[in-house]
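*Asks:*
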Amino acid sequence: MQKRTKIKELINTEPTGQQVTVKGWVRTFRNTQFIAINDGSTINNIQAVLNAGVTDDATMKRITPGSCVGVTGTLIASQGKGQKVEVAVTAIEIYGDAESDISKPNSYPLQPKAHSLEFLREIAHLRFRTNTFGAIFRIRHSLAYAVHKFFNDKGFVYMHTPIITASDAEGAGEMFKVTTLDINKAPLNEAGEIDFKQDFFGKATNLTVSGQLEGELAAMAFGEVYTFGPTFRAENSNTTRHLAEFWMIEPEMAFFDLNDNMDLAEELLHYVIKYALEHNREDIEFLNQRLLDEEKNKPQIERSEMSLLEKLQFCIDNKFERVTYTEAISILRESNHNKKKKFQYLVNEWGVDLQSEHERYLVEKHFKKPVILTDYPKDIKAFYMRQNDDGKTVRAMDILFPGIGEIVGGSQREERLELLETRMKEMHLPIEEMYWYLDTRRFGACPHAGFGLGFERLVLFVTGMTNIRDVIAFPRTPKSAEF
RNA sequence: UCCUUCUUAGCUCAGCUGGUUAGAGCACAUGACUGUUAAUCAUGGGGUCCCUGGUUCGAGCCCAGGAGAGGGAGCCA
Numbered sequence: 045m046q047k048r049t050k051i052k053e054l055i056n057t058e059p060t061g062q063q064v065t066v067k068g069w070v071r072t073f074r075n076t077q078f079i080a081i082n083d084g085s086t087i088n089n090i091q092a093v094l095n096a097g098v099t100d101d102a103t104m105k106r107i108t109p110g111s112c113v114g115v116t117g118t119l120i121a122s123q124g125k126g127q128k129v130e131v132a133v134t135a136i137e138i139y140g141d142a143e144s145d146i147s148k149p150n151s152y153p154l155q156p157k158a159h160s161l162e163f164l165r166e167i168a169h170l171r172f173r174t175n176t177f178g179a180i181f182r183i184r185h186s187l188a189y190a191v192h193k194f195f196n197d198k199g200f201v202y203m204h205t206p207i208i209t210a211s212d213a214e215g216a217g218e219m220f221k222v223t224t225l226d227i228n229k230a231p232l233n234e235a236g237e238i239d240f241k242q243d244f245f246g247k248a249t250n251l252t253v254s255g256q257l258e259g260e261l262a263a264m265a266f267g268e269v270y271t272f273g274p275t276f277r278a279e280n281s282n283t284t285r286h287l288a289e290f291w292m293i294e295p296e297m298a299f300f301d302l303n304d305n306m307d308l309a310e311e312l313l314h315y316v317i318k319y320a321l322e323h324n325r326e327d328i329e330f331l332n333q334r335l336l337d338e339e340k341n342k343p344q345i346e347r348s349e350m351s352l353l354e355k356l357q358f359c360i361d362n363k364f365e366r367v368t369y370t371e372a373i374s375i376l377r378e379s380n381h382n383k384k385k386k387f388q389y390l391v392n393e394w395g396v397d398l399q400s401e402h403e404r405y406l407v408e409k410h411f412k413k414p415v416i417l418t419d420y421p422k423d424i425k426a427f428y429m430r431q432n433d434d435g436k437t438v439r440a441m442d443i444l445f446p447g448i449g450e451i452v453g454g455s456q457r458e459e460r461l462e463l464l465e466t467r468m469k470e471m472h473l474p475i476e477e478m479y480w481y482l483d484t485r486r487f488g489a490c491p492h493a494g495f496g497l498g499f500e501r502l503v504l505f506v507t508g509m510t511n512i513r514d515v516i517a518f519p520r521t522p523k524s525a526e527f
């Protein structure tokens, strides 16, 4: 095949009349002369100029939005104002048509005009071809790459923890069952329950909700490890921040206490946001402008104080605020917001879980920056978190981001076998089944810590999008698994 | 799962206290146009008013049930 040059490269090339080939998808065709072609390598299109006589009328008719073309021609300085260079076409080939006549069946649904995000969600298989989703998914890629680069450069080992797991004690949420049994005539045991001994794995299995426990096993050998993979929660959550299938980054480090853990999480977030700002400047600038345009239609009060670019820059220029749960409760209790009863749930006693309105108040009103909350009451946190000497709190930390809420949840782990077992008994967890996890505490236990970072929530923050369904290609949510 | 709002042309939306033939912008089609930038100009076509049932002389509008979507809450990442 005729080799092509990617548009990203071409638009930064000095035009010396060299012959080039561009292949991509038509965005617009103006004045029967100017084709705007996009190939996904950049948000920018290249302008291909079709001078008279280059091709016939029948071919011209086939140059429609969405069609796939390859053009060959000379790269010249553009006479027009919108671009530096353009291709003076000498040959054009149509690889694939796209019907533009909406009165015909199977016409191309993307029109050269603005579409709502809700509509684009219904055609998620085609929305990559829009500027907005092109930008989002290039940024998503960069963030994923930056995560791997960050950990690799620090000497972390990337672990692939299992997707199918027999453990259901991670306590992170409802699980999806994995089985090859016929659900209409599943074999029963003597007690009348489904006999999973006859199932594929010989026991009940589920999709993982977290790779953390396996991560801890590996950390007890490699020191510093991380996982970055899909996780599944069968919760009936219908929000702009939850998915049934999402990607999570979970580092686990031996010889780390909670402070080391927070330092690492903060460094990671700073690093990947900075990476995206440096490597996806144009995409972020496009999304920045998109949000500014959107805000023009809003009343003054609802507009955000900072633009997306300012928000991202602010985030990497400033340390996150670190506050204990106990301090947070007294800040909230003393706040005018609480006294004037503006919270739906008033903050009175120590020990209650914070509502998202409280988290938002701390992040967006009080500190006006990302906040790390630490040392939560043990009763509202998972079994594996290390207990403090006060007997009431655990070494947990949540990182709260403006507009997103909880983006990271982590803790120093309880490495003391007796305390861990006691806690598991209190919480009615199957200690025998989890012998493999407890073995880390039996054989060479050490202080260690880790956290989980919700990848889509990170992408939400960096793109300035507000619905998590718009930052994953094919979102899985309750009652929705199209495509 | 709970609360709440919405569903009218391909898309985004108007639609008067229930009244006769349901509108706009964009998109689309046809024509013009070789320096356009979501081109422009002219002309034109396009509707199961989400579904089912009810009230009424008459329903896009009112009532009941259902479906789908958005926003908020809970669970969390």
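For what it's worth, the working numbering labels the leading residue of the first sequence as 45, then goes sequentially.
For each residue, glycine too, the CB sits at the ideal point set by N, CA and C.
1. Looking at the structure shown, is Trp-480 part of a helix, part of a strand, or coil, going by DSSP?
2. How should His-204 be labelled, buried or exposed, when 16 other C-beta atoms within 10 angstroms of its C-beta is the threshold for buried?
3. Please give me, in chain order, every unbroken run of the beta strand (DSSP E) with length at least 3 that falls completely inside the region 383-456.
4. Ends of the beta strand (DSSP E) at Tyr-152?
5. Which partner residues does Cys-112 have in the DSSP bridge list?
6. Using the C-alpha atoms, what's the distance from Thr-521 back to Glu-279?
7. How many whole angstroms separate the CB atoms of Ala-121 and Pro-59, which I take to be in contact at a CB cut-off of 8 Å?
8. Where does Leu-321 land, buried or exposed, given buried means 16+ other C-beta within 10 angstroms?
9. Are the beta-carbon atoms belonging to Ile-107 and Asn-82 less than 9 Å from one another?
10. Starting from Gln-256, trace the alpha helix (DSSP H) both ways and give me its first and last residue.
11. Apart from the five residues on each side of it in sequence, which residues of its chain come closer than 7 Å, Cβ to Cβ, to Arg-184?
12. Leu-390 to Glu-403, Cα distance in whole Å?
13. How is Ala-248 classed by DSSP in three states: helix, strand or coil?
14. Just verifying my parser: in three-state terms, what is the DSSP assignment at Ser-211?
15. Tell me whether Gly-496 sits in a helix, a strand or coil according to DSSP, three-state version.
16. Tell me Leu-119's beta-bridge partners as DSSP assigns them.
17. Are the CB atoms of Val-70 and Val-113 nearer to each other than 9 Å?
18. Taking the alpha carbon of Ala-210 as the point to measure from, which residue in Glu-294, Arg-485, Gly-255 and Ala-132 has its own alpha carbon closest?
19. Distance check for Asn-250 and Phe-220, CA to CA, integer angstroms please.
20. Short check: CB of Lys-229 to CB of Phe-240, under 9 Å?
21. Roughly how many angstroms separate the alpha carbons of Ile-448 and Leu-54, rounded to a whole number?
22. So what does Gln-91 bridge to, in DSSP terms?
23. Provide the residue span of the beta strand (DSSP E) that contains Glu-294, from first to last.
*Replies:* Inspection of the coordinates gives the following:
1. Position 436 of the first sequence, counted from the start, is the residue given in the question as residue 480. DSSP places Trp-480 in helix when its eight states are reduced to three.
2. Reading the first sequence from its first residue, position 160 is the one you call residue 204. The residue in question, His-204, is exposed, as its Cβ has fewer than 16 Cβ neighbours within 10 Å.
3. 415-421, 437-445 and 449-456
4. Taking the first residue of the first sequence as 1, we reach residue 152 at position 108. Tyr-152 -> no beta strand (DSSP E), and no H or E assigned at all.
5. As a working note, residue 112 is residue 68 in the first sequence. In the DSSP output, where bridge partners are listed per residue, Cys-112 has Trp-69 and Gly-140.
6. Taking the first sequence and counting its residues from 1, one reaches residue 279 at position 235. Taking the first sequence and counting its residues from 1, one reaches residue 521 at position 477. Their backbone Cα atoms lie some 9 Å apart in a straight line.
7. Looking up residue 121 in the first sequence gives position 77. Looking up residue 59 in the first sequence gives position 15. About 5 Å; that satisfies the 8 Å criterion.
8. Start at 1 with the first residue of the first sequence, and residue 321 comes out as number 277. Under this definition Leu-321 is a buried residue.
9. The sequence position of residue 107 within the first sequence is 63, counting from 1. The sequence position of residue 82 within the first sequence is 38, counting from 1. The answer is no: Cβ separation not under 9 Å.
10. For the purposes of this step, residue 256 is taken as residue 212 along the first sequence, with counting starting at 1. 256-266 is the span of the alpha helix (DSSP H), which, as asked, contains Gln-256.
11. As a position in the first sequence, residue 184 is number 140, starting the count at 1. Cβ neighbours of Arg-184 beyond the five flanking positions: Val-503 and Val-515.
12. Taking the first residue of the first sequence as position 1, residue 390 is located at position 346. Taking the first residue of the first sequence as position 1, residue 403 is located at position 359. When rounded, the distance between both Cα atoms is 13 Å.
13. Walking along the first sequence from the start, residue 248 turns up at place 204. Ala-248: coil per DSSP, three-state reduction.
14. Reading the first sequence from its first residue, position 167 is the one you call residue 211. Coil, per DSSP.
15. The sequence position of residue 496 within the first sequence is 452, counting from 1. Residue state, collapsed to three classes: strand.
16. The sequence position of residue 119 within the first sequence is 75, counting from 1. Paired residues: Val-131.
17. The sequence position of residue 70 within the first sequence is 26, counting from 1. The sequence position of residue 113 within the first sequence is 69, counting from 1. Cβ distance < 9 Å, so Val-70 and Val-113 count as in contact.
18. On the first sequence, residue 210 is found 166 positions in, with the first residue counted as 1. The option with the nearest alpha carbon to Ala-210 is Gly-255.
19. Counted from its first residue, the first sequence places residue 220 at position 176. Counted from its first residue, the first sequence places residue 250 at position 206. Their Cα atoms are separated by approximately 5 Å.
20. For the purposes of this step, residue 229 is identified with residue 185 of the first sequence, where counting begins at 1. For the purposes of this step, residue 240 is identified with residue 196 of the first sequence, where counting begins at 1. Not in contact: Lys-229 and Phe-240 (Cβ atoms no closer than 9 Å).
21. What you label residue 448 is simply residue 404 of the first sequence in a count that begins at 1. What you label residue 54 is simply residue 10 of the first sequence in a count that begins at 1. Their backbone Cα atoms lie some 37 Å apart in a straight line.
22. In the first sequence, residue 91 corresponds to position 47, counting from 1. According to DSSP, which records beta bridges pairwise, Gln-91 is partnered with Ala-80 and Glu-130.
23. As a first step, residue 294 is located in the first sequence; it is residue number 250 there, counting from the start. Where Glu-294 is concerned, the enclosing beta strand (DSSP E) stretches over 289-298.
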